[in-house]
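Asks: Per this note's numbering, the sequence shown starts with residue 11, numbered consecutively.
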Amino acid sequence: MTDPTDAPAVDQPTGGSRRPRTRTHLTPLEQRRMLWRFLPWAVAVVLLLNVLERSWHKAPPAPAPQVETALDIVRGPRPAGTEVIVEAPVDEVATRPSLSARSAADDVLSRVRDDTFFREADMEAWVQTWRTLSHATADDLASAPPVSFGELFGQPRSFRGRLVSLRGTLHRVEYLAAPTNAVGLEGYWQGWLEPTDGPSSPIIIQFLESPEGMPTGLRVHEAVDVVGYFLKRHAYQATDTVRVAPLVMAKRPLWRPTPRAPDAARSPAAWLPALFAVMMGLGVAALWLVQRSGRRPGRHPVDVDAALAGYEPVTIGEALRRMAMADDAPTTEPVGVTSETQP
11 MTDPTDAPAV DQPTGGSRRP RTRTHLTPLE QRRMLWRFLP WAVAVVLLLN
61 VLERSWHKAP PAPAPQVETA LDIVRGPRPA GTEVIVEAPV DEVATRPSLS
111 ARSAADDVLS RVRDDTFFRE ADMEAWVQTW RTLSHATADD LASAPPVSFG
161 ELFGQPRSFR GRLVSLRGTL HRVEYLAAPT NAVGLEGYWQ GWLEPTDGPS
211 SPIIIQFLES PEGMPTGLRV HEAVDVVGYF LKRHAYQATD TVRVAPLVMA
261 KRPLWRPTPR APDAARSPAA WLPALFAVMM GLGVAALWLV QRSGRRPGRH
311 PVDVDAALAG YEPVTIGEAL RRMAMADDAP TTEPVGVTSE TQP
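Structure (structure tokens):
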């Protein structure tokens, strides 16, 4: 057996004094000090993240002034009921192309009409323009001056048959079958060019050859340079009404492939919102812990009726009687055990 004297000594409180309790919370003064110590750093980090986000995402340029292309606005109201509008002959001098026109013969270009769908009178100019483009060399197309959407839209007679240069984003590129023609053209490509630094109104681009490797389809957005001949202000059926757009015919657009955008998950801008959210979460968690540490654990309320459910009251006399009976009760010894009498 183990000697009781070998048991470790236990320090007992003396004099009824209690051991001082370890403080597990911060005083309100210490909480305020901690708040003002970390708050400036948090504000500085938030401002830095805001500056980085603005520098990474540059503000988009101001949109260009819009041009109304609805045919009703360009040519006036449509005839109502059985009303008929007779179009007066157009002055031959006003529609005569400039001397630099090379896409078709002058008399053929003079029969082209603006703000209409494709007409039989436009067919000869359209075919001759394809013939001119098929024989054109790079030097022939090098002298094209840059023009804007507003110039082509507002001055179709002045630019008809002239060589022009455009830059923008090409959308909805599809291959179309050509009507029966004298040059044996079976089909051509057509796309809708959104001009750079111009209104969102499109320019119709028809071309003979598609650049090698350039995506095609109804959901493409490819940067291109276009050199071609302006033919007319062509009418087309939009989703809301009949609209008009400049029609330019080219041999082959110059495709300018855009570099692949960086992975959004690896760009710093993609991490800024997540980092800001993490910092805010840590700040809220720290504040909650500080407030929680300042609260002392309260005592849970006790249900007195439940605690005293099995209690039977005993009077003082009954308690003394039970103690006397316990003292007078004979003691029994186990069999085989004899008591030794001390001398």
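Just so you know, even glycine gets a beta-carbon here, dropped at the ideal spot from N, CA and C.
So what's S144 in DSSP terms, helix, strand or just coil?
Replies: As a first step, residue 144 must be located in the sequence shown, where it is residue number 134. Residue state, collapsed to three classes: helix.
Asks: Taking the straight line between their C-alpha atoms, what separation do you get for Q247 and V288?
Replies: The residue given as residue 247 occupies position 237 in the sequence shown. The residue given as residue 288 occupies position 278 in the sequence shown. Distance between the alpha carbons of Q247 and V288 is about 52 Å.
Asks: Roughly how many angstroms separate the alpha carbons of M335 and A329, rounded to a whole number?
Replies: Position 325 of the sequence shown, counted from the first residue, corresponds to residue 335. Position 319 of the sequence shown, counted from the first residue, corresponds to residue 329. Distance between the alpha carbons of M335 and A329 is about 10 Å.
Asks: Using the C-alpha atoms, what's the distance from G293 back to A233?
Replies: What you label residue 233 is simply residue 223 of the sequence shown in a count that begins at 1. What you label residue 293 is simply residue 283 of the sequence shown in a count that begins at 1. So the two alpha carbons sit approximately 46 Å from each other.
Asks: Can you tell me which of the three DSSP states P155 falls into?
Replies: Along the sequence shown, read from residue 1 onward, the residue named residue 155 stands at position 145. If DSSP states are grouped into helix, strand and coil, P155 belongs with coil.
Asks: Please list, in chain order, all residues of the same chain as S108 whose beta carbon is under 6 Å from its beta carbon, the five residues on each side excluded.
Replies: Reading the sequence shown from its first residue, position 98 is the one you call residue 108. Note that S108 scores a pLDDT of 46, beneath 50, so its modelled location is shaky; the value from the coordinates is reported in the next line. For S108, where only same-chain residues beyond five positions count, there are no Cβ hits under 6 Å.
Asks: With DSSP collapsed to three states, give me the class of A187.
Replies: Along the sequence shown, read from residue 1 onward, the residue named residue 187 stands at position 177. The answer is strand: DSSP assigns A187 an E or B state.
Asks: What residue range does the beta strand (DSSP E) around L203 cover?
Replies: Taking the first residue of the sequence shown as 1, we reach residue 203 at position 193. L203 -> beta strand (DSSP E) spans 197 to 205.
Asks: Alpha carbon to alpha carbon, how far is R106 from F159?
Replies: Position 96 of the sequence shown, counted from the start, is the residue given in the question as residue 106. Position 149 of the sequence shown, counted from the start, is the residue given in the question as residue 159. With a pLDDT of only 45 at R106, under 50, the local geometry of the prediction cannot be trusted, and no value is derived from it.
Asks: For the candidate residues R253, R182, E196, whose alpha-carbon lies nearest to that of P225?
Replies: Taking the first residue of the sequence shown as position 1, residue 225 is located at position 215. The option with the nearest alpha carbon to P225 is R182.
Asks: Candidates T147, A260, Q41, G223: which alpha carbon is nearest F268's?
Replies: Sequence index remark: in the sequence shown, residue 268 carries index 258 (1-based). Residue identity differs from the one stated: residue 268 is Thr in this sequence, not Phe. Measuring from the Cα of T268, the nearest candidate turns out to be G223.
Asks: Taking the C-alpha atoms as reference points, what is the distance between T126 and W265?
Replies: Numbered from 1 along the sequence shown, position 116 holds the residue referred to as residue 126. Numbered from 1 along the sequence shown, position 255 holds the residue referred to as residue 265. Distance between the alpha carbons of T126 and W265 is about 30 Å.
Asks: According to DSSP, simplified to helix, strand and coil, what is A334?
Replies: Against the sequence shown, residue 334 aligns to sequence position 324. Three-state DSSP puts A334 in a helix.
Asks: Identify the continuous beta strand (DSSP E) that holds F217 and give its terminal residues.
Replies: In the sequence shown, residue 217 corresponds to position 207, counting from 1. Residues 213 to 217.
Asks: Since I believe Y239 is in contact with Q216 (beta carbons under 8 Å), could you give me their beta-carbon distance rounded to a whole number of angstroms?
Replies: For the purposes of this step, residue 216 is taken as residue 206 along the sequence shown, with counting starting at 1. For the purposes of this step, residue 239 is taken as residue 229 along the sequence shown, with counting starting at 1. Not confirmed; about 10 Å, so no contact.
Asks: With a threshold of 7 Å on Cβ separation, who are the neighbours of V96 within its own chain once the five nearest residues in sequence on each side are excluded?
Replies: Counting from one through the sequence shown, the residue named residue 96 turns up at place 86. In this predicted model, V96 has a pLDDT of only 47, less than 50, meaning its place in the structure is not dependable; the value taken from the coordinates is given anyway. So the list is empty, once near-sequence residues are dropped.
Asks: Inspect the beta-carbon positions of V230 and P263 and report whether they are closer than 7 Å.
Replies: Here residue 230 refers to the residue found at position 220 of the sequence shown. Here residue 263 refers to the residue found at position 253 of the sequence shown. For V230 and P263, no; Cβs fall outside 7 Å.
Asks: May I ask you to list the residues that DSSP assigns as paired with G238?
Replies: Locating residue 238 in the sequence shown gives position 228, where the first residue counts as 1. V174, A260, per the DSSP bridge assignment.
Asks: At the level of alpha carbons, what is the spacing between E78 and T249?
Replies: Indexing the sequence shown from 1 puts residue 78 at position 68. Indexing the sequence shown from 1 puts residue 249 at position 239. Cα-Cα distance, rounded: 15 Å.
Asks: Count the other C-beta atoms from every protein chain shown that fall within 10 angstroms of the C-beta of F48, then say buried if there are 16 or more, exposed otherwise.
Replies: Indexing the sequence shown from 1 puts residue 48 at position 38. F48 comes out exposed.
Asks: Should T354 go down as buried or exposed, given a rule of 16 or more other Cβ atoms within 10 Å for buried?
Replies: A question about residue 354 goes unanswered here, because the residues of the chain that appear run from 11 up to 353.
Asks: Straight-line CA distance for G194 to E204?
Replies: Here the question's residue 194 lines up with position 184 in the sequence shown. Here the question's residue 204 lines up with position 194 in the sequence shown. One C-alpha to the other measures close to 30 Å.
Asks: If I measure Cβ to Cβ from A192 and keep anything under 8 Å in the same chain, skipping five residues before and after, which residues do I get?
Replies: By one-based count along the sequence shown, residue 192 stands at place 182. Answer for A192: V137, listed in chain order.
Asks: Three-state secondary structure (DSSP) at Q76?
Replies: Numbered from 1 along the sequence shown, position 66 holds the residue referred to as residue 76. DSSP places Q76 in coil when its eight states are reduced to three.
Asks: Do R243 and P166 have their beta-carbon atoms positioned less than 7 Å apart in this structure?
Replies: Within the sequence shown, the letter at position 156 stands for residue 166. Within the sequence shown, the letter at position 233 stands for residue 243. Yes, these two residues count as a Cβ contact at 7 Å.
Asks: Compare the Cα-Cα distances from W140 to each of R331, D338, A260, L285 and report the closest residue.
Replies: Reading the sequence shown from its first residue, position 130 is the one you call residue 140. Comparing Cα positions, the closest option is A260.
Asks: Please classify D207: is it buried, with 16 or more other beta-carbons within 10 angstroms of its beta-carbon, or exposed?
Replies: Within the sequence shown, residue 207 is the residue found at index 197, counting from 1. Classification for D207: exposed.
Asks: Under 8 Å by Cβ, that's how I've got T354 and A114 pegged, so tell me the actual separation to the nearest angstrom.
Replies: Limits of the chain in this structure are 11 at one end and 353 at the other, which puts residue 354 out of reach.
Asks: Between the Cα of D116 and those of T147, G171, S211, spot the shortest distance and give me the residue it belongs to.
Replies: If you number the sequence shown from 1, residue 116 lands on position 106. Comparing Cα-Cα distances from D116 to each of T147, G171, S211, the minimum goes to G171.
Asks: Just to confirm, is the Cβ distance from P256 to L151 under 7 Å?
Replies: Position 246 of the sequence shown, counting from 1, holds the residue named residue 256. Position 141 of the sequence shown, counting from 1, holds the residue named residue 151. Cβ atoms of P256 and L151: not closer than 7 Å.
Asks: For the alpha helix (DSSP H) that contains D117, what are its first and last residues?
Replies: Locating residue 117 in the sequence shown gives position 107, counting from the first residue. From DSSP, the alpha helix (DSSP H) with D117 extends over 116 to 119.
Asks: Are the beta-carbon atoms belonging to P209 and Q76 less than 7 Å from one another?
Replies: Mapped onto the sequence shown, residue 209 falls at position 199. Mapped onto the sequence shown, residue 76 falls at position 66. The answer is yes: Cβ separation under 7 Å.
Asks: Assuming L180 contacts G164 under a Cβ cut-off of 8 Å, what Cβ separation, rounded to an integer in Å, is found between them?
Replies: For this step, residue 180 is matched to residue 170 along the sequence shown. For this step, residue 164 is matched to residue 154 along the sequence shown. Going by Cβ atoms, the distance from L180 to G164 rounds to 23 Å, so no, they are not a contact pair.
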